[in-house]
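Undergrad:
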Amino acid sequence: MASELRHNNAMTEQPSRPGLIRWLMTPPQAYLAYFVAVVLIGGVSFYVGSLKPNRHPGLVPATTSSAPVAK
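Using the numbering used here, you'd call the opening residue of the sequence shown number 23 and step up by one each time.
1. Assuming L54 is part of the alpha helix (DSSP H), what are its boundary residues?
2. How many angstroms separate the CA atom of G41 from the CA atom of A55?
3. In angstroms, rounded to a whole number, what distance separates the CA positions of R39 and H78?
4. Quick one: what's got a C-beta closer than 7 Å to Y69's C-beta in the same chain, skipping five residues either side?
5. G80 by DSSP, collapsed to three states: which one?
In structure tokens:
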């Protein structure tokens, strides 16, 4: 039974990552990368939310008298 439970080194080795990603995943750089990502996503979503919607000149706005009025 001990031969079946031997340590498998192939399963514990981490796959090799490129240098920049490996450097970016160390704690100080990871915190900075997370912060930059949050600021970028927040800034882009704020910018997109502040854009004015396109008004198409051919479309007529809905009239307010389309609902039945109680007398």
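Where a beta carbon is used, it is the ideal one built from N, C-alpha and C, also for glycine.
It should be emphasised that the depicted structure is a prediction, and the values quoted were computed from it without experimental measurement.
TA: Taking the structure as given:
1. Taking the first residue of the sequence shown as 1, we reach residue 54 at position 32. P49 to S72 is the span of the alpha helix (DSSP H), which, as asked, contains L54.
2. Locating residue 41 in the sequence shown gives position 19, counting from the first residue. Locating residue 55 in the sequence shown gives position 33, counting from the first residue. The alpha-carbon of G41 is positioned some 15 Å away from that of A55.
3. Against the sequence shown, residue 39 aligns to sequence position 17. Against the sequence shown, residue 78 aligns to sequence position 56. So the two alpha carbons sit approximately 50 Å from each other.
4. Within the sequence shown, numbered from 1, the residue matching residue 69 stands at position 47. Exclusion of the five residues before and after Y69 leaves no residue of its chain whose Cβ lies closer than 7 Å to its Cβ.
5. Here the question's residue 80 lines up with position 58 in the sequence shown. If DSSP states are grouped into helix, strand and coil, G80 belongs with coil.
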